[in-house]
Amino acid sequence: MLCQEIIDILQQQSPERCACGWDNVGLLVGDTQREVNTVYIALDATDGAIAEAIGAGAEMLLTHHPMLFQPIKRVTTEDFIGRRVIRLIQHGISYYAMHTNFDVRGMAQLAASKMGLKECQVLDVTFQQGEMQEGIGAAGMLPREMALAECAELVKYVFDVSQVKVFGSLKEGVRKAAICPGSGKSTVGQAIQLGAQVLVTGDIDHHTGIDAAAQGLAIIDAGHYGVEKMFIPYMGAYLKEHTQGLKVLEQPLKQPFSYC
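Printed below as a string of structure tokens:
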């Protein structure tokens with residue numbers, strides 16, 4: 014398949030127009046007319062992921078987080094981003110990123126489904142036309158009221174993480190939950206406004222956590238990687254379903270840090 018044909022299929026899932034204005038999504042390195050037989054999927058375009066894509070003979074790398082966020086003035090081996098771009102080009106690998114467009118069309122719905130949320134609303138609205146809303150994250154009703162401690166166990170189970178950080182009283186009952194995969198600090202206000210009693214997300218700092226709890230919003234921080242790693246198997250299954258003859262490989266799931 015041509016790279017552009019794969020891009021067209023990815024656009025059906027998460028159109029680039031759905032991305033936030035500050036984001037950088039789409040084909041960031043490569044040639045739309047490149048013949049692609051193998052796609053390698055990872056969460057980030059790290060040195061390891063690129064090496065794995067090269068080793069697998071992939072002609073295309075697909076990630077959630079864009080490797081290139083800010084404009085760069087030069088591409089050289091003196092910079093780690095430059096080295097990555099050069100390696101991709103040297104090995105003929107086209108690189109495509111699906112970030113906030115996937116958050117809007119994919120990640121929120123998938124996360125809410127895993128949590129079993131019902132009567133869902135958009136957490137952070139990024140686009141509205143009439144009554145139709147799109148955006149990042151979701152808020153909805155848990156299957157039943159449960160203690161915050163039990164909700165934390167549910168999060169650990171459905172997102173397959175070994176531990177979570179919790180702000181709030183573990184004995185307090187929660188019924189309405191908000192979820193923002195990735196870094197959800199900016200959605201605390203929206204979660205409170207929608208009446209959520211708990212927010213499941215990642216990258217919550219000390220002050221954000223204790224301030225949210227003081228306003229009646231518990232926080233379950235399952236880690237940025239912990240809640241977003243589902244991108245890899247989801248997109249792997251999506252490409253396998255919507256293509257024929259394309260080899261789709263997924264980076265093994267492994268958090269990029271260790272607890273000591």
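For the sequence shown, my numbering gives the first residue as 14, with consecutive numbering after it.
Positions of the beta carbon are idealized from the N, C-alpha and C atoms, including for glycine.
Starting from residue i, follow its DSSP beta bridges and name the residues at the other end.
i	result
residue 141	146
residue 51	260
residue 153	190
So, using beta-carbon positions, are residue i and residue j closer together than 7 Å?
i	j	result
residue 55	residue 268	no
residue 63	residue 118	no
residue 53	residue 69	yes
residue 213	residue 168	yes
residue 110	residue 156	no
residue 116	residue 203	no
residue 181	residue 207	no
residue 253	residue 51	no
How is residue i classed by DSSP in three states: helix, strand or coil?
i	result
residue 185	coil
residue 192	strand
residue 199	helix
residue 81	coil
residue 36	coil
residue 74	strand
residue 160	strand
residue 268	coil
residue 135	strand
residue 110	strand
residue 56	coil
residue 127	helix
Determine the closest residue to residue i out of the options, with distance taken between C-alpha atoms.
i	options	result
residue 235	228, 262, 198	198
residue 209	196, 225, 103, 43	225
residue 219	78, 233, 75	233
residue 172	247, 205, 203	247
residue 271	241, 230, 174	174
What runs of the beta strand (DSSP E), each 3 residues or longer, lie entirely inside the segment 216-259? 231-234
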